[in-house]
Amino acid sequence: MEENLTPSYIKTFDKDERALATEDLSVFYGGKVQKLFDASLQFKKNSITALIGASGSGKSTFLRSLNRMNDKVAKIDGKIIFHGLDVNKPDINVYELRKNIGMVFQRPNPFPKSIRENIVYALKANGKTDKNELDRIVEESLRAAALWDEVKDKLDKSALALSGGQQQRLCIARALAVQPEILLLDEPASALDPVSTSKLEDTLKQLRSEYTMIMVTHNMQQASRISDHTAFFHLGHVIEYNSTAEIFTNPKGQLTEDYIQGSFG
Ligand SMILES: Nc1ncnc2c1ncn2[C@@H]1O[C@H](COP(=O)(O)OP(=O)(O)O)[C@@H](O)[C@H]1O
Ligand SMILES: [Mg+2]
């Protein structure tokens, strides 16, 4: 059966409300196999946007393209507008871009180093050496990630000795240390137990006052609990994008409704 992949609703925001926007973003793996089709999404500042959809629907493909993590494996057409600039252009410094648009992955991946070193690593690589300043950033980042109280007495112990949930919050602290504006999160809680997941969700909700977050999740309850807006992906197409409340209680598209009912049912 032919499915109707025309978007049923795509929310937009005024220019000054947008932290990031894509225009007709398409991704071709190996240069030719298209897995994302003309995605045009605007992300609101200081909010959490959830990307939902079945496995293989293109959520990670879209997310990883936003800070040019797909460059080596795919051709990416279309625009990614950040501060009025198209950061999908070839002459963009992707390392600078990734300082502004950080990423947290599915599995916590701390460096096999101390907790402190995990946070200061990128700063040192960028030439920051002042010990007082580094100490201040370590504390600020760990506080922001709601991890400080749990680790303040063992900053020089190995990060690998932390629990999975603590490691994931450390990865958030590490991402925050370089002061990004946007945080991309790809199923950040999928490897965590319910208690750690709930702590991570609290952390993300607190970060919303200062950061814009875009989060892939396959957990519908999680999307409805913590996100402000939700985009539904299907077969590489964005089908519907709206406030989370509307998506979950009053979806406009049949595909969205089917997916949400199936996932909750
Ligand atoms: N590096 C890659 N090379 C080729 N195909 C890929 C690559 N990454 C993902 N894909 C394909 O792109 C499609 C979308 O995958 P993905 O974005 O990972 O989906 P999701 O995150 O929604 O589960 C899938 O068909 C997947 O097999
Ligand atoms: Mg994925």
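If you're matching positions, the sequence shown starts at 1 in UniProt numbering and goes up one per residue. C-beta: ideal position from N, C-alpha, C; glycine also. This structure is a prediction, so every number in the text was calculated from the model and none was measured.
query, result
"Return yes when the C-beta of Y259 is under 7 angstroms from any heavy atom of ligand 1, and no when it is not.", "no"
"Ligand 2 and L130: does any heavy atom of the ligand fall closer than 7 angstroms to the residue's C-beta?", "The displayed chain sequence assigns Asp, not Leu, to residue 130. No - ligand 2 has no heavy atom lying nearer than 7 angstroms to the Cβ of D130."
"Hey, is T244 close to ligand 1, as in C-beta under 7 angstroms from one of its heavy atoms?", "no"
"Can you give me the C-alpha to C-alpha distance between L97 and L185, rounded to a whole angstrom?", "16 angstroms"
"Count the other CB atoms, across all protein chains shown, that sit within 10 Å of the CB of K131; report buried if there are 16 or more and exposed otherwise.", "exposed"
"Quick check for students: name the residue ranges of the alpha helix (DSSP H) that lie wholly in the segment 178–254, counting only runs of 4 or more.", "194–207, 220–226, 244–249"
"Kindly provide the ranges of any beta strand (DSSP E) runs that are 3 or more residues long and lie completely inside the segment 30–72, ordered along the chain.", "33–39, 42–44, 48–52"
"Quick one: residues with CB closer than 5 angstroms to any heavy atom of ligand 1, in chain order, please.", "Y29, K35, S55, G56, S57, G58, K59, S60, T61, V73"
"Contact between the segment 166–175 and the segment 129–146: three or more CB pairs below 8 angstroms?", "yes"
"Compare the Cα-Cα distances from I10 to each of N250, A231, S263 and report the closest residue.", "A231"
"Could you work out which residue in P108, D77, F28 is closest to P90 when comparing CA atoms only?", "D77"
"From D16 to G31, what does the alpha carbon distance come to, in whole angstroms?", "34 angstroms"
"Name the residue from L51, N70, I115, A122 whose alpha carbon lies nearest to the alpha carbon of Q167.", "I115"
"Assign E187 to one of two classes, buried (16 or more other C-beta atoms within 10 Å of its C-beta) or exposed (fewer than that).", "buried"
"Quick check on the burial criterion: 16 or more other C-beta atoms within 10 angstroms. Buried or exposed for V216?", "buried"
"Beta carbon of V216: closer than 7 angstroms to some heavy atom of ligand 2?", "yes"
"Nearest by alpha-carbon distance to N118: which of L85, K75, I101, R169 is it?", "R169"
"Would you kindly work out how many angstroms separate the C-alpha atoms of S190 and V120, rounded to a whole number?", "26 angstroms"
"Span of the alpha helix (DSSP H) holding I115?", "115–125"
"Tell me which residue opens and which closes the alpha helix (DSSP H) that K131 is part of.", "131–144"
"Would P180 pass as a contact of G102 if the rule is Cβ separation under 8 angstroms?", "yes"
"Give the DSSP bridge partners of K152, in chain order.", "Looking at the DSSP assignment, K152 forms no beta bridge with any residue, so it has no partner."
"For a quick check, are the C-beta atoms of L207 and I226 less than 8 angstroms apart?", "no"
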